[in-house]
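Residue numbers for the sequence shown follow this note's numbering, so the first one is 145 and each next one is one higher.
Heads up, the thing below is written out as structure tokens.
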Amino acid sequence: MRFGTDGFRGPIETEITPEFCLNLGFHTGKIILEKGYDSVIIGKDTRVSGYMLESALQAGFISSGVDVKLAGPIPTPAVSFLTATYAGQFGVVISASHNPYEDNGIKFFNRHGRKVTENLEREIESRLSSAIKPVEASKLGKAFRIDSASGRYIEYCKSTLRGKHSFKNMKILVDAANGANYKITPMLLEELGAEVIRINCDPDGFNINVNSAVLNQSLFKKYAEEHKFDFCAAVDGDGDRLVLADADGIVFDGDDILYLLAKSNLERNVNGSNAVVGTDMTNQGVVDALAKHNIDLIRSKVGDKYISRELVERDLILGAETSGHIIQRNYSESGDANIALIQVLTAIQESGVSLKEVSSEISKYAHNLESIAVKDKTIIEKEENQKALNAVKEKFPSARINIRASGTESKIRIMVESKDDKQNAQVLREIKSLIT
Numbered sequence: 145m146r147f148g149t150d151g152f153r154g155p156i157e158t159e160i161t162p163e164f165c166l167n168l169g170f171h172t173g174k175i176i177l178e179k180g181y182d183s184v185i186i187g188k189d190t191r192v193s194g195y196m197l198e199s200a201l202q203a204g205f206i207s208s209g210v211d212v213k214l215a216g217p218i219p220t221p222a223v224s225f226l227t228a229t230y231a232g233q234f235g236v237v238i239s240a241s242h243n244p245y246e247d248n249g250i251k252f253f254n255r256h257g258r259k260v261t262e263n264l265e266r267e268i269e270s271r272l273s274s275a276i277k278p279v280e281a282s283k284l285g286k287a288f289r290i291d292s293a294s295g296r297y298i299e300y301c302k303s304t305l306r307g308k309h310s311f312k313n314m315k316i317l318v319d320a321a322n323g324a325n326y327k328i329t330p331m332l333l334e335e336l337g338a339e340v341i342r343i344n345c346d347p348d349g350f351n352i353n354v355n356s357a358v359l360n361q362s363l364f365k366k367y368a369e370e371h372k373f374d375f376c377a378a379v380d381g382d383g384d385r386l387v388l389a390d391a392d393g394i395v396f397d398g399d400d401i402l403y404l405l406a407k408s409n410l411e412r413n414v415n416g417s418n419a420v421v422g423t424d425m426t427n428q429g430v431v432d433a434l435a436k437h438n439i440d441l442i443r444s445k446v447g448d449k450y451i452s453r454e455l456v457e458r459d460l461i462l463g464a465e466t467s468g469h470i471i472q473r474n475y476s477e478s479g480d481a482n483i484a485l486i487q488v489l490t491a492i493q494e495s496g497v498s499l500k501e502v503s504s505e506i507s508k509y510a511h512n513l514e515s516i517a518v519k520d521k522t523i524i525e526k527e528e529n530q531k532a533l534n535a536v537k538e539k540f541p542s543a544r545i546n547i548r549a550s551g552t553e554s555k556i557r558i559m560v561e562s563k564d565d566k567q568n569a570q571v572l573r574e575i576k577s578l579i580t
């Protein structure tokens with residue numbers, strides 16, 4: 145099995161099995177011991193399989209001689225925060241993010257709270273076929289539980305609130321996708337003064353991401369019809385993605401959040417605010433809007449780990465994916481829905497403008513995104529298909545076209561963007577005819 149764009153991910157019955165996790169924990173443990181790590185922090189989302197896989201990973205790491213610290217159900221960015229806070233820690237998250245409960249996954253963080261490098265991923269992959277040989281009894285690792293993990297993370301999130309701001313007069317609907325933020329996001333907002341309406345904050349191990357607004361954005365309108373609120377905040381199952389809506393249910397996605405926070409940083413003369421990082425999916429309209437403020441947008445490959453690496457290499461602080469991964473390196477090295485929410489609400493208070501007014505500054509291009517389920521994702525790499533796809537791109541020079549294999553699912557993702565929605569539909573039809 146190989147790493148995808150966000151660690152390992154797949155069905156628990158055939159791929160992310162206890163046997164796989166035992167093997168992964170042991171061999172990863174041996175490698176990180178060689179690199180100076182002495183322990184690992186393990187967090188997980190709310191999937192029913194999380195406890196099973198946590199036990200297997202724990203056994204693997206302990207058998208390699210690595211101590212294990214269990215953080216329990218906790219969002220991905222909290223594990224990133226904890227690995228950067230504790231000295232000498234390696235971070236592990238058991239989550240399949242936005243996937244259904246039948247899937248699970250494993251992702252790793254280094255001591256800086258960043259996703260691990262491809263070099264380390266390849267090194268881990270190369271050892272997974274080797275046998276497990278536990279260390280002698282005197283060198284086995286030990287297991288501990290971090291009882292205060294959620295509390296530490298909440299306090300840190302609160303510390304990012306600037307000045308004397310509070311959310312005392314705000315009513316916020318939180319859709320936590322029955323995931324890792326089901327307690328943390330509502331509690332955080334209430335401690336900052338907001339009144340909170342809870343939706344999808346009652347996980348049962350099976351309902352993670354079911355009927356959640358971060359994945360089905362039509363639900364924002366439904367929420368606006370059924371409830372009165374100032375803002376609606378939707379997060380995904382592992383808590384690293386944020387999508388917002390206003391009182392009318394109008395969606396404010398990762399592109400909009402990137403624009404708002406970039407402007408806020410520039411107005412406050414924050415170091416590194418002259419440029420931001422987006423991805424190949426970032427709407428060109430956002431690029432145009434940022435350019436009016438002399439803010440450059442650098443495109444990375446799709447995946448928050450690629451955004452993170454561009455930010456580090458270029459010494460920048462802000463990057464985002466359209467899907468809602470928001471990285472603010474002055475606060476966290478991970479996409480963090482809770483910190484992003486705090487910063488967006490604060491920026492709105494400071495600027496005195498509404499989400500709708502911010503969105504009106506961006507003239508977005510027509511943007512069509514479609515995912516095609518396939519048996520073989522490498523179909524787009526075949527020479528004859530590459531030639532045919534390039535011919536389509538040449539035929540429509542005014543369209544921005546991106547075709548890629550999903551790093552987390554057996555799908556091919558097609559993005560077409562231009563100022564002509566009808567042209568986009570035609571491009572999509574021609575591309576789909578080549579790969580289906």
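Beta carbons: idealized from backbone N, C-alpha and C, even for Gly.
Note that the C-beta distance between L317 and I341 is below 8 Å.
DSSP lists L317, A389 as the beta-bridge partner residues of C376. For H511, the enclosing beta strand (DSSP E) begins and ends at 510–517.
With respect to D150, G447 sits close: the two C-beta atoms are nearer than 8 Å. Comparing alpha-carbon positions, the option among G216, R306, A324 lying closest to D480 turns out to be A324. Proximity to R191 across Y326, I268, G307 peaks at Y326, based on C-alpha coordinates. Counting along the chain, no beta strand (DSSP E) covers G194; the unbroken alpha helix (DSSP H) around it starts and ends at 194–208. The bridge partners DSSP lists for P155 are D247. Looking at the DSSP output, S562 shares a beta bridge with A510. If you ignore the 5 residues before and after R443, its C-beta comes within less than 7 Å of the C-beta of G422, T423, D424, T426, all in its own chain and listed in chain order. If you draw a straight line from the Cα of G180 to the Cα of V414, it comes to about 34 Å. About 5 Å separates the CB atoms of N248 and S193; that is less than 8 Å, so the two are in contact. The closest CA to that of L284, considering only L305, I328, E339, D211, is found on D211. Taking the Cα of P347 as reference, the smallest distance to any Cα among L359, A320, A357 is reached at A320.
Cβ neighbours of S408 within its own chain (closer than 6 Å, five residues either side excluded): A491. Closest by C-alpha distance to A435, out of N418, K449, D399, E159, is N418. In this structure, the straight-line span from the alpha carbon of I352 to that of E528 is close to 40 Å.
Three or more beta-carbon pairs separated by less than 8 Å are not found between the stretch 533–550 and the stretch 456–468, which leaves the two stretches without contact.
Here the stretch 160–175 makes contact with the stretch 259–269; the two share three or more CB pairs at distances below 8 Å. Taking C-alpha positions only, A532 is separated from L578 by approximately 8 Å. The criterion of a C-beta distance shorter than 8 Å is not satisfied by G187 and T552. The way I'd put it, the stretch 195–211 does touch the stretch 153–165; three or more beta-carbon pairs between them come closer than 8 Å.
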